[in-house]
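*Asks:*
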Amino acid sequence: MTDPAGTRRVVVDAHHHLLDVAGVGYGWIRERSPVLEALLANYYDIARDYGPADHARDMAGTRLAGSVACEFGAVDPVAEATWVQSLADAGTGPDAFIAAADPSDPGLAERLRRYRDLPVVRAVRQPLYWADDPLRRLGARPGCLTDPRWLTGFEQVAAAGLTWDLLVYDTQITDAAELLRSFPDTPIVLEGTGWPLDLSPDGFSRWADHLEFAAAHPNVTLKLQGLALLFGPSCEAIEPWVRRAVATFGAGRCMFATHLPVDGLLWTVDDLVDALSGVLADLTDAQRDEFFAGCARREYRLPAE
C-alpha cells in the first residue's frame, strides 16, 4: 500500500466508528434492527468494542495523518461525544468527531451548547435515509429536508459553525435543494458516495445525475466511505462509481474514508487503498493528496501534518 515513490500513503481517515459497548451503549445493539440486517447484512458482526488502538492497528499500512470518528447510534449522544473527547484528550485520537443532532429537536440548542464544550466535535449528522421499501428506512421519518421546522432548526447548526454530514440515498439528494440554497456558507459533506440503492445501469445514470446536482453547490463535498459495503470489495466493483464521483466533484472535493470497523469485515485498509490508488492512477500526485487527506483536513478543520 504505497505511493509511487514507494512510501506508505499519507491518509486522513474521514469516517470511522469507535465503540464502547458497555460504557456508552447503543440502541441498535440492544435491540436488533431488521433494517440494518436487511441493508447492511453483516452489521452485527462488529457489535463489540472498537477503540483507537484497534483503529491504529487496522491503519498500520498507511501513514495516518488524522482521523474523523463518527457517532454510532448511541443511547446518549452527548455521553458518546464526551467519551470521544476523553480519548482525544488522552492523545490517542481521533482528531475530530461527527456527533448526532436532529435540527427539529426542541432540545437542539442545549445539545449544541454541550457540544461547544467538546472541541473534538467538528460536525453533526442525522440519518435521513428514507425509501418506499420499509426495509430501507434508516431515517426517523420522511420529508425532513423539506420540513420548515427542520430547516428552521438547521439555522442553529449553521450558526454553531459546524459541518453538516448529509445522510441520504441518491434519490433524496434533490430534496435537499432548499437546504443547499439557504445555507451556502455551511460546509455540507454528502456521505456514502451519495448511496445509490439501484446498482443497475439505469440506477447508475440516475445516481450520476443526482451527484451533478449536489456538486453544483460549492459548499458540498463528497465522502466515499462504505465502498465495499455498497458496491463490493474489489477494484472492479468500485471503479465506475469512484471514477464518476471524482470526475463530478473533483479530487479536491472528495475524501477518503475507511468506514471501519464495518468495511473491515469485507476487506483490509491495504486492499481499500490499493484499489483506490489503482482507480485514481490517472490523477496527479497533488490530486491524490487532496483525495486521501487534503479535503478531509479542510472540511473537518484538522491541523496540517
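Numbering-wise, the numbering used here puts 208 at position 172 of the sequence shown, and it's gapless, one number per residue.
We put the CB at the ideal spot given by N, CA and C, even for glycine.
Predicted model only: the values in this text are computed from it and were never measured.
#1: Going by C-alpha to C-alpha distance, which of Cys106, Arg333, Ala135 and Leu266 sits closest to Leu75?
#2: Where do the ends of the beta strand (DSSP E) carrying Thr118 lie?
#3: Report the start-end ranges of each alpha helix (DSSP H) in the segment 290-337 that is 4 residues or longer and not cut off at the edges.
#4: Could you check whether the segment 298-308 touches the segment 248-259, counting it as contact only if at least three pairs of C-beta atoms, one from each stretch, sit closer than 8 Å?
#5: Run through the DSSP bridge pairs and tell me what Tyr62 is partnered with.
#6: Roughly how many angstroms separate the alpha carbons of Asp169 and Thr207, rounded to a whole number?
#7: Determine whether the Cβ of Ala329 lies closer than 9 Å to any Cβ atom of chain B.
#8: Would you mind giving the Cβ-Cβ distance between Ala212 and Val204, rounded to the nearest angstrom? I have them listed as a contact below 8 Å.
#9: Roughly how many whole angstroms lie between the Cα atoms of Thr257 and Arg66?
#10: Taking buried to mean at least 16 other C-beta atoms within 10 Å of its own C-beta, is Glu107 buried or exposed?
#11: To the nearest angstrom, how far is it from the Cα of Gly262 to the Cα of Ser270?
#12: Taking 9 Å as the cut-off, decide whether the C-beta atoms of Leu215 and Phe190 are in contact.
#13: Is the Cβ-Cβ distance between Leu54 and Tyr86 less than 9 Å?
#14: Can you tell which of Glu335, Phe285, Trp64 and Leu72 has its C-alpha closest to the C-alpha of Leu171?
#15: What would DSSP say about Asp49, mapped onto helix, strand or coil?
#16: Nearest to Arg44 by CA position, among Phe328, Ala273 and Phe219, is which residue?
#17: From what residue to what residue does the beta strand (DSSP E) around Val204 run?
*Replies:* Taking the geometry as given:
#1: Counting from 1 along the sequence shown, the entry for residue 75 is found at position 39. Selected option, being the one with the closest Cα: Leu266.
#2: Within the sequence shown, residue 118 is the residue found at index 82, counting from 1. That residue, Thr118, is in no beta strand (DSSP E); its alpha helix (DSSP H) goes Pro113 to Asp125.
#3: Secondary structure in the segment 290-337: the alpha helix (DSSP H) runs of 4 residues or longer, each lying completely within the stretch, are 305-315, 321-325 and 331-335 in chain order.
#4: No: the two stretches stay apart, fewer than three of their Cβ pairs being nearer than 8 Å.
#5: Here the question's residue 62 lines up with position 26 in the sequence shown. When DSSP reads this structure, Tyr62 sits in a beta bridge with Ala110.
#6: One-based indexing of the sequence shown puts residue 169 at position 133. One-based indexing of the sequence shown puts residue 207 at position 171. In this model, Asp169 and Thr207 are separated by some 13 Å (Cα to Cα).
#7: No chain B is present in this structure, which holds just one protein chain.
#8: Sequence index remark: in the sequence shown, residue 212 carries index 176 (1-based). Sequence index remark: in the sequence shown, residue 204 carries index 168 (1-based). About 7 Å separates the CB atoms of Ala212 and Val204; that is less than 8 Å, so the two are in contact.
#9: Working through the sequence shown from its first residue, we reach residue 257 at position 221. Working through the sequence shown from its first residue, we reach residue 66 at position 30. Distance between the alpha carbons of Thr257 and Arg66: 34 Å.
#10: For the purposes of this step, residue 107 is taken as residue 71 along the sequence shown, with counting starting at 1. Counting every other CB atom within 10 Å of its CB across the protein chains shown gives Glu107 a total of 16 or more, marking it as buried.
#11: For the purposes of this step, residue 262 is taken as residue 226 along the sequence shown, with counting starting at 1. For the purposes of this step, residue 270 is taken as residue 234 along the sequence shown, with counting starting at 1. Using only the alpha carbons, I get a separation of about 12 Å.
#12: The residue labelled residue 215 in the question sits at position 179 within the sequence shown. The residue labelled residue 190 in the question sits at position 154 within the sequence shown. Contact flag set, yes.
#13: Translated into positions along the sequence shown, residue 54 becomes position 18. Translated into positions along the sequence shown, residue 86 becomes position 50. In this structure, Leu54 lies near Tyr86, with their beta-carbon atoms less than 9 Å apart.
#14: Your numbering for residue 171 matches position 135 in the sequence shown. Nearest in C-alpha terms to Leu171, of all of Glu335, Phe285, Trp64 and Leu72, is Leu72.
#15: On the sequence shown, position 13 is the one that residue 49 refers to. Residue state for Asp49 is assigned as strand, using DSSP reduced to three classes.
#16: Walking along the sequence shown from the start, residue 44 turns up at place 8. Minimum Cα distance to Arg44 is reached at Phe328.
#17: By one-based count along the sequence shown, residue 204 stands at place 168. Here Val204 belongs to no beta strand (DSSP E), and DSSP marks it neither H nor E.
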